[in-house]
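These protein sequences, in sequence, are chains A and B. Quick note on the working numbering: the first sequence kicks off at 1 and runs consecutively. Quick note on the working numbering: the second sequence kicks off at 1 and runs consecutively. Cβ coordinates follow ideal geometry from the N, Cα and C atoms, glycine included. The structure under discussion appears below in the form of structure tokens.
Number of protein chains: 2
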Amino acid sequence: MALEHAILVSLLEQPASGYELARRFERSIGRFWTATHQQIYRVLKRMEADGWITAEEIGQDGRPDKRSWSVAPAGRSALVTWLRAPVQPETVRHELAVKIRGAAFDDAAGRAALVAEVERYRATHEATLARYLTGERRDFPDADPPDAQRALQHVVLRGGIAYERMVLAWLDDVLTTLRTLEN
Amino acid sequence: MALEHAILVSLLEQPASGYELARRFERSIGRFWTATHQQIYRVLKRMEADGWITAEEIGQDGRPDKRSWSVAPAGRSALVTWLRAPVQPETVRHELAVKIRGAAFDDAAGRAALVAEVERYRATHEATLARYLTGERRDFPDADPPDAQRALQHVVLRGGIAYERMVLAWLDDVLTTLRTLEN
DNA sequence: TCCTGCTATGCAACTCGTTGCATAGCAAGA
DNA sequence: TCTTGCTATGCAACGAGTTGCATAGCAGGA
Numbered sequence: 001m002a003l004e005h006a007i008l009v010s011l012l013e014q015p016a017s018g019y020e021l022a023r024r025f026e027r028s029i030g031r032f033w034t035a036t037h038q039q040i041y042r043v044l045k046r047m048e049a050d051g052w053i054t055a056e057e058i059g060q061d062g063r064p065d066k067r068s069w070s071v072a073p074a075g076r077s078a079l080v081t082w083l084r085a086p087v088q089p090e091t092v093r094h095e096l097a098v099k100i101r102g103a104a105f106d107d108a109a110g111r112a113a114l115v116a117e118v119e120r121y122r123a124t125h126e127a128t129l130a131r132y133l134t135g136e137r138r139d140f141p142d143a144d145p146p147d148a149q150r151a152l153q154h155v156v157l158r159g160g161i162a163y164e165r166m167v168l169a170w171l172d173d174v175l176t177t178l179r180t181l182e183n
Numbered sequence: 001m002a003l004e005h006a007i008l009v010s011l012l013e014q015p016a017s018g019y020e021l022a023r024r025f026e027r028s029i030g031r032f033w034t035a036t037h038q039q040i041y042r043v044l045k046r047m048e049a050d051g052w053i054t055a056e057e058i059g060q061d062g063r064p065d066k067r068s069w070s071v072a073p074a075g076r077s078a079l080v081t082w083l084r085a086p087v088q089p090e091t092v093r094h095e096l097a098v099k100i101r102g103a104a105f106d107d108a109a110g111r112a113a114l115v116a117e118v119e120r121y122r123a124t125h126e127a128t129l130a131r132y133l134t135g136e137r138r139d140f141p142d143a144d145p146p147d148a149q150r151a152l153q154h155v156v157l158r159g160g161i162a163y164e165r166m167v168l169a170w171l172d173d174v175l176t177t178l179r180t181l182e183n
């Protein structure tokens with residue numbers, strides 16, 4: 001219900017083609033909202049029909065043409081309306097937590113496999129944290145960024161960093177707990 | 001794709017009716033997996049057809065009959081198969097983060113409204129943390145719980161507590177940032 | 001007495017998200 | 001030369017999740 005609005009924010013920060021949006025959703029925006037290129041193209045079409053965004057055709061030689069999308073006034077006012085509506089409680093899907101509780105109904109071999117899986121999972125989160133920290137040093141070197149847009153981007157990034165640190169600490173707790181059960 | 005498995009774990013921990021499951025999903029399981037009663041009833045029907053669970057009819061006077069579900073051997077082996085498969089990367093939907101970045105494109109009045117909204121949101125998370133801590137004191141008073149099932153439930157609960165603490169700290173950061181922008 | 005809320009289950013319609021596939025040309029490496 | 005991978009867009013089908021509504025009896029308070 002809010003993919004439209006995530007796209008509006010991203011396009012206001014910087015106009016983009018569907019393909020570029022999909023890559024942003026893999027990177028920075030994917031930190032708090034995931035979407036595939038299919039969803040994005042479908043929603044872009046609907047948003048164009050609603051007059052929320054307008055396209056500029058860009059011919060490129062050697063590559064397929066692309067359509068660069070910008071936010072129209074109607075899109076901007078739709079965004080503002082949504083911004084001022086109450087925040088919906090977040091919906092959570094932590095598959096790993098289900099598996100951890102499920103491990104009580106598997107045997108020692110299954111729990112050993114889960115330990116390996118948690119270690120793999122931990123490595124991906126460690127890599128994500130490293131990526132965030134690199135991005136922070138690159139994009140926010142000043143202690144006090146001046147404009148609102150950058151300050152808000154930074155505080156959201158700090159949220160991502162805090163989340164990853166919390167996850168890593170918890171996964172260590174999980175590993176300790178799982179290993180204790182093997183004795 | 002994994003609601004079935006969350007239900008299997010819950011029913012292995014304790015058999016339940018669809019209605020009771022729905023309440024568990026509002027409470028403890030909802031910490032890491034949300035589901036409405038509609039989803040649950042539909043999935044239970046499919047799981048019964050697949051022979052994963054069996055029902056025991058319980059007649060109650062003064063109340064509608066209920067069907068108490070237990071996990072059949074086929075369900076248990078389906079769970080074990082799933083437990084040993086790789087964990088899918090979690091899909092995130094943080095509407096609030098979208099709104100925070102979107103606030104750069106609203107005016108001072110809109111940002112003031114967002115501050116109020118973040119405060120309301122913060123209060124719900126503070127209440128959730130309090131609920132978790134109360135539950136922890138009630139269900140895990142010992143330093144070292146003996147059996148695997150309880151130890152695993154506890155480590156998942158500690159994850160929920162760590163998450164809520166992280167969110168509260170981040171929301172304070174967000175409020176400070178938003179208020180700085182007003183000057 | 002009426003209204004609200006709880007237990008208990010379910011249908012129907014709709015939207016959202018996922019997966020597989022298709023096109024098409026260029027660049028770079030094996 | 002062949003294959004892989006990247007840019008760039010899209011269709012079709014399916015599965016998952018959401019919303020509104022319906023039934024039904026009991027308990028408790030206004």
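Residue burial classification, residue i (beta-carbon count within 10 angstroms, cutoff 16)
| i | result |
| --- | --- |
| A/E57 | exposed |
| A/K45 | exposed |
| B/E26 | exposed |
| B/G51 | exposed |
| A/D106 | buried |
| B/Y163 | buried |
| B/R138 | exposed |
| B/Y132 | buried |
| A/R179 | exposed |
| A/E182 | exposed |
CB of residue i within 8 Å of CB of residue j, strictly
| i | j | result |
| --- | --- | --- |
| B/R120 | A/V156 | no |
| A/E68 | A/P146 | The sequence shown places Ser at residue 68 of chain A, rather than the Glu named in the question. Going by C-beta atoms, A/S68 is not nearer than 8 Å to A/P146. |
| B/V115 | B/L175 | yes |
| A/W82 | B/G159 | no |
| B/E117 | B/L168 | no |
| B/L152 | A/A112 | no |
| B/A49 | B/H37 | no |
| B/A72 | B/T54 | yes |
| B/T91 | A/T134 | no |
| B/E95 | A/V43 | no |
| A/A6 | A/I29 | yes |
| B/M47 | B/G75 | yes |
| B/L11 | B/S70 | yes |
| B/R165 | B/L129 | yes |
| B/R150 | A/G110 | no |
- Counting only runs that start and end within the segment 9–94 of chain A, where is the beta strand (DSSP E) found for 3 or more residues in a row? Qualifying beta strand (DSSP E) stretches, in chain order: 53–58, 66–71.
- Task: At 4 residues or longer, and completely inside the segment 107–174 of chain A: list those alpha helix (DSSP H) runs for me, N to C.
- Result: Taking only runs of at least 4 residues, the alpha helix (DSSP H) segments lying wholly in the segment 107–174 of chain A are 108–139.
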